[in-house]
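**Q**
Residue numbers (the numbering used here): 2 to 909.
1) Looking only at C-alpha atoms, which of 158, 576, 633 sits nearest to residue 768?
2) With residue 129 as the anchor, note down where its beta strand (DSSP E) starts and where it stops.
3) So if DSSP puts residue 638 in a beta bridge, which residue, or which two residues, is it bridged to?
4) Does the beta-carbon of residue 237 have 16 or more other beta-carbons within 10 angstroms, so that it is buried, or is it exposed?
5) Considering only residues of the same chain and omitting the five flanking positions on each side of residue 82, which have a CB-CB separation below 7 Å?
6) Would you give the residue range spanned by the beta strand (DSSP E) that residue 390 belongs to?
7) Would you mind working out which of 258, 474, 674, 562 sits nearest residue 546, comparing C-alpha positions?
8) Taking the alpha carbon of residue 40 as the point to measure from, which residue in 846, 332, 48, 77 has its own alpha carbon closest?
9) Beta-carbon within less than 7 Å of residue 527's beta-carbon, same chain only, minus the 5 sequence neighbours each way: which residues are those?
10) Given that a residue counts as buried once 16 or more other Cβ atoms are within 10 Å of its Cβ, and exposed if not, what is residue 90?
11) From the DSSP output, in three-state form, read off residue 611 for me.
12) For the stretch 419-472, which segments carrying the alpha helix (DSSP H) assignment without a break, of at least 4 residues, lie completely within its bounds, in sequence order?
13) DSSP three-state label for residue 166, please.
14) Among the candidates 638, 70, 257, 787, whose CA atom is the shortest distance from the CA of residue 664?
15) Within the chosen definition, does the stretch 339-359 reach the stretch 431-444 through at least 3 CB pairs nearer than 8 Å?
16) Among 183, 156, 487, which residue has its Cα nearest to the Cα of residue 144?
17) How close, in whole Å, do the beta carbons of residue 284 and residue 243 come, if the pair is a contact with beta carbons under 8 Å?
18) Which residue marks the beginning of the beta strand (DSSP E) containing residue 362, and which one marks its end?
19) Where do the ends of the beta strand (DSSP E) carrying residue 259 lie?
20) List the endpoints of the continuous beta strand (DSSP E) containing residue 278.
21) Pick out whichever of 760, 535, 850, 162 has its Cα sitting closest to the Cα of residue 107.
22) Which residues in the same chain as residue 849 place their Cβ atom closer than 7 Å to its Cβ, once the five residues preceding and following it in sequence are excluded?
23) Starting from residue 560, trace the alpha helix (DSSP H) both ways and give me its first and last residue.
24) Report yes or no: do three or more beta-carbon pairs, one from the stretch 694-707 and one from the stretch 656-670, lie closer than 8 Å?
25) Does the Cβ-Cβ distance between residue 282 and residue 210 come in under 8 Å?
26) Once the 5 residues before and after residue 741 are set aside, which same chain residues still bring their CB inside 7 Å of it?
27) Which residues mark the beginning and the end of the beta strand (DSSP E) in which residue 402 is found?
28) Taking the straight line between their C-alpha atoms, what separation do you get for residue 524 and residue 366?
29) Is residue 407 helix, strand or coil by DSSP?
30) Restricting to Cα atoms, I'd like to know which of 333, 770, 841 is closest to residue 520.
31) Residue range of the alpha helix (DSSP H) that residue 49 falls in?
32) Cα-Cα, which of 682, 231, 47 is closest to residue 396?
33) By Cβ distance, which residues of its chain are closer than 6 Å to residue 13, with the 5 residues on each side in sequence left out?
34) Closer than 8 Å, CB to CB, is residue 269 near chain D or not?
35) Using 10 angstroms around the beta-carbon of residue 100, count the other beta-carbons present and answer buried if the total reaches 16, otherwise exposed.
36) Is it the case that the stretch 798-805 contacts the stretch 484-501, given that we only count it when at least three CB pairs across the two stretches are under 8 Å?
Laid out in structure tokens, this is it:
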């Protein structure tokens with residue numbers, strides 16, 4: 002009875018779900034039940050006959066043994082029932098899997114009719130199939146990457162159908178019979194079963210399975226270069242598939258796979274290495290299996306991948322007010338439309354907000370943007386941002402917009418802007434062109450002109466000199482030439498060559514002339530402003546000229562050897578490190594002097610044996626001076642007025658913490674009189690601080706405190722020896738030995754810091770276009786002179802005082818650089834970026850000063866919230882109307898881009 006119950010319990014569960022099993026399985030189970038019933042009845046009959054024979058004495062003990070042996074060999078024996086039930090395990094596992102599917106709203110189908118019915122009742126046009134081949138058991142299915150991926154797709158696509166189909170029950174068509182591994186198919190259709198061709202098209206497309214992916218944040222994704230992965234199928238190396246370079250799609254998120262340096266691929270799912278990818282192309286010879294890159298073929302495949310050749314990165318730099326925002330919008334439209342007449346009939350492309358006045362009316366192109374503050378005198382672009390748009394099917398252009406130079410908020414704001422630029426471009430491996438925007442008809446080397454050019458070149462590595470191009474805006478009045486700007490620019494570059502031996506080419510191949518007035522008229526036309534035909538014809542000619550210049554500019558930068566951005570970023574890091582390390586070096590010197598003096602006094606006391614054992618315990622607490630930087634968890638609003646601060650040994654202490662945890666995110670750190678501080682809670686909506694009573698303009702945000710503290714340290718070894726009642730002199734000598742060792746370490750660290758300073762300085766001297774911006778003091782003096790006149794009239798000396806403070810600060814910085822150069826003249830060996838980076842890393846690992854130096858060297862990156870501002874705006878869909886590039890781009894393709902695959906057989 003027990004065996005019967007076990008068998009019926011197992012078989013009934015399967016037979017209740019018989020639609021999910023093949024006819025062969027169902028018939029086998031029914032046959033086994035009948036066999037059990039027959040053998041069980043035969044045993045009962047034999048047992049009854051044996052009992053009668055026992056009563057009549059017509060049997061022997063051997064007959065019972067034979068009867069039990071026959072039972073053991075029958076289908077109703079315990080051992081045989083165990084074997085049968087064990088054979089059901091795979092079928093029972095299938096039922097368990099089906100129930101799990103029902104729990105997560107995935108339908109397991111048993112027939113083609115059921116699929117058709119589901120599709121006809123579906124409100125969504127998308128259906129995902131998981132096809133289970135005949136040869137795969139359900140334990141393998143549940144442990145597979147495909148099943149986990151299928152469930153994730155279910156979670157992300159609530160409106161779609163999700164269908165599991167076992168090819169061993171009823172195949173959808175001939176293709177499902179051929180499958181040997183789990184396969185996911187996305188079918189976009191409804192009301193009917195996918196036909197053979199549709200099934201084939203959906204399963205056969207160049208797709209990739211990614212494993213061991215790491216999610217990317219929005220900021221990380223924005224900084225990636227975004228090169229489309231184009232490569233032949235891995236099986237092409239063995240001659241099984243064609244060698245055409247294909248564009249690959251992620252099987253999960255259906256996004257085109259992107260390729261980054263170091264063999265990293267990524268999509269919406271995250272990033273991973275090539276080794277963690279399996280590929281299936283659209284060749285019928287490939288089959289349905291996903292193939293990994295073979296060890297012997299991976300290098301060959303990698304050599305056919307050309308990262309970065311599908312994107313042109315152009316860095317835009319210029320003085321505030323030169324018209325960068327208008328240029329960006331105009332440039333995209335010049336490349337898109339051959340003429341103003343064509344552009345007028347088409348949709349205007351606006352990448353960035355720009356505003357101007359024409360015919361007495363304000364015309365605004367683009368949508369309002371927090372990154373574009375349209376204020377007179379201040380850089381309208383607040384943070385760096387990339388604007389990416391397609392040039393054609395294979396090439397994208399990335400314009401990197403930057404804050405303008407010559408901000409009315411002062412030189413300090415310009416330096417903050419350049420730190421932002423350096424941090425931003427560090428996310429790109431290569432820059433093809435450094436585009437300096439200038440105005441024509443600047444007849445002489447004005448103070449502001451020299452300052453702005455100096456400041457631009459100050460931050461560039463000399464290897465970028467060949468990538469510098471000069472783009473002139475508003476050139477219609479100068480007959481599409483540089484006008485009077487040519488003479489001072491030539492003079493400046495000649496002086497630069499004589500001083501730094503760096504040649505920045507200035508000829509017809511490096512100068513480009515635009516007149517963005519034609520774009521302004523175009524924007525005005527789009528806003529309904531009417532112009533006569535003569536005006537439109539005149540500006541139409543200007544548009545055509547700008548189109549030619551835009552094409553010439555792209556051709557020029559595409560032919561240049563791209564600048565390795567790491568070189569400029571390392572140069573900037575070396576300069577920053579010099580300015581930050583020099584004050585720390587002076588403080589360490591002071592600390593060593595103090596500690597040596599303390600040791601001398603301690604040694605005198607030990608020699609004279611003037612102290613008792615009890616008094617010795619207090620003397621053994623060794624005092625030393627140390628740097629103690631304190632990071633703040635949140636920006637702090639402090640008052641900088643004289644009444645609220647104290648100057649202590651060159652350190653300004655802010656006595657009034659007007660708002661300790663200020664959550665404002667639009668305030669620049671360490672900048673006095675930032676307008677965003679009006680919104681601080683300490684101002685309570687007014688102009689005066691409710692905590693200290695000073696005006697809002699006296700306040701600023703800080704994120705770090707830098708305290709000088711006297712620290713004490715007790716030697717545990719000395720305490721132990723004291724407890725063992727060692728003599729006072731012996732104990733003192735141990736303390737002196739420990740202090741001596743500390744001084745030795747400090748001296749060693751001091752030498753390493755000095756050597757690092759020399760490494761940074763040597764790298765600066767060897768690789769900078771300009772070591773110092775010699776025009777900076779004259780520029781600040783000019784600003785001070787202007788502000789003095791304004792302050793006398795308004796009686797507001799805030800900006801004037803800030804400029805004077807900035808002048809003193811930059812004088813000190815220039816002295817630091819000059820001293821470092823003087824001390825480092827002997828460093829003639831070539832210094833590499835790797836040496837600079839290694840020196841910086843080792844500074845942060847010093848035993849005593851490493852932690853403090855880490856804080857100091859990372860000071861410039863405290864306001865991490867600003868990183869969220871670094872967006873990439875990608876504009877798609879330009880190709881549909883054509884870019885009017887025609888034959889002009891053919892010469893580009895013959896140069897640096899000849900390595901790309903322009904194969905007409907390219908799919909997708």
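Glycine included, every Cβ here is placed at the ideal spot set by N, Cα and C.
Fair warning: this is a prediction, and the values are worked out from it, not measured in the lab.
**A** On the basis of the coordinates in this document:
1) Here residue 768 is taken as the residue at index 767 of the chain shown, counted from 1. Of the candidates 158, 576, 633, the one whose C-alpha sits nearest the C-alpha of residue 768 is 576.
2) The residue you call residue 129 lines up with position 128 of the chain shown. Counting along the chain, the beta strand (DSSP E) containing residue 129 begins and ends at 127-133.
3) Taking the first residue of the chain shown as position 1, residue 638 is located at position 637. In the DSSP output, where bridge partners are listed per residue, residue 638 has 660, 702.
4) Along the chain shown, read from residue 1 onward, the residue named residue 237 stands at position 236. A buried status is given to residue 237, since no fewer than 16 other beta-carbon atoms sit within 10 Å of its beta-carbon.
5) In the chain shown, the residue the question calls residue 82 occupies position 81. Apart from the 5 residues on each side of it in sequence, residue 82 sits with its Cβ closer than 7 Å to the Cβ of 4, 7, 8 in its chain, given in chain order.
6) Here the question's residue 390 lines up with position 389 in the chain shown. It spans 386-391 - the beta strand (DSSP E) in which residue 390 sits, taken as one unbroken run.
7) Taking the chain shown and counting its residues from 1, the one referred to as residue 546 is at position 545. Measuring from the Cα of residue 546, the nearest candidate turns out to be 474.
8) Residue numbering aside, residue 40 sits at position 39 when the chain shown is read from its first letter. Selected option, being the one with the closest Cα: 77.
9) Here the question's residue 527 lines up with position 526 in the chain shown. Within the same chain, residue 527 has close Cβ partners 349.
10) Along the chain shown, read from residue 1 onward, the residue named residue 90 stands at position 89. Residue 90 is exposed by the Cβ-count criterion.
11) As a first step, residue 611 is located in the chain shown; it is residue number 610 there, counting from the start. In this prediction, residue 611 scores a pLDDT of 47, lower than 50, which makes its location untrustworthy; the coordinate-derived value is nonetheless stated afterwards. In this structure, residue 611 counts as coil in the three-state DSSP scheme.
12) 448-459
13) Within the chain shown, residue 166 is the residue found at index 165, counting from 1. DSSP places residue 166 in strand when its eight states are reduced to three.
14) Numbered from 1 along the chain shown, position 663 holds the residue referred to as residue 664. Per the Cα distances, 638.
15) no
16) Locating residue 144 in the chain shown gives position 143, counting from the first residue. With distances taken between Cα atoms, residue 144 lies closest to 183.
17) Sequence index remark: in the chain shown, residue 284 carries index 283 (1-based). Sequence index remark: in the chain shown, residue 243 carries index 242 (1-based). About 6 Å separates the beta carbons of residue 284 and residue 243, which is inside the 8 Å limit, making them a contact pair.
18) Walking along the chain shown from the start, residue 362 turns up at place 361. Segment 362-366, the beta strand (DSSP E) holding residue 362.
19) Residue mapping note: residue 259 aligns to position 258 of the chain shown, counting from 1. Note, residue 259: beta strand (DSSP E), 259-261.
20) By one-based count along the chain shown, residue 278 stands at place 277. That run of the beta strand (DSSP E) goes 278-281.
21) Position 106 of the chain shown, counting from 1, holds the residue named residue 107. When only C-alpha atoms are compared, the closest one is 162.
22) Within the chain shown, numbered from 1, the residue matching residue 849 stands at position 848. So the qualifying residues of the chain are 746, 747, 750.
23) What you label residue 560 is simply residue 559 of the chain shown in a count that begins at 1. That run of the alpha helix (DSSP H) goes 534-560.
24) yes
25) Working through the chain shown from its first residue, we reach residue 282 at position 281. Working through the chain shown from its first residue, we reach residue 210 at position 209. Contact flag unset, no.
26) Looking up residue 741 in the chain shown gives position 740. Excluding positions up to five away in sequence, the list reads 600.
27) Here residue 402 corresponds to residue number 401 of the chain shown, with the count starting at 1. That run of the beta strand (DSSP E) goes 397-402.
28) Mapped onto the chain shown, residue 524 falls at position 523. Mapped onto the chain shown, residue 366 falls at position 365. So the two alpha carbons sit approximately 7 Å from each other.
29) Here residue 407 is taken as the residue at index 406 of the chain shown, counted from 1. Three-state result, residue 407: coil.
30) One-based indexing of the chain shown puts residue 520 at position 519. Comparing Cα-Cα distances from residue 520 to each of 333, 770, 841, the minimum goes to 333.
31) Here residue 49 is taken as the residue at index 48 of the chain shown, counted from 1. Going by DSSP, residue 49 is part of the alpha helix (DSSP H) stretching over 24-57.
32) Counting from 1 along the chain shown, the entry for residue 396 is found at position 395. When only C-alpha atoms are compared, the closest one is 231.
33) Position 12 of the chain shown, counted from the start, is the residue given in the question as residue 13. Result list for residue 13: empty, nothing under 6 Å.
34) In the structure shown, chain D cannot be found, because there is only a single protein chain.
35) Position 99 of the chain shown, counted from the start, is the residue given in the question as residue 100. Burial state of residue 100 is exposed, judged by a 10 Å Cβ sphere holding fewer than 16 other Cβ atoms.
36) no
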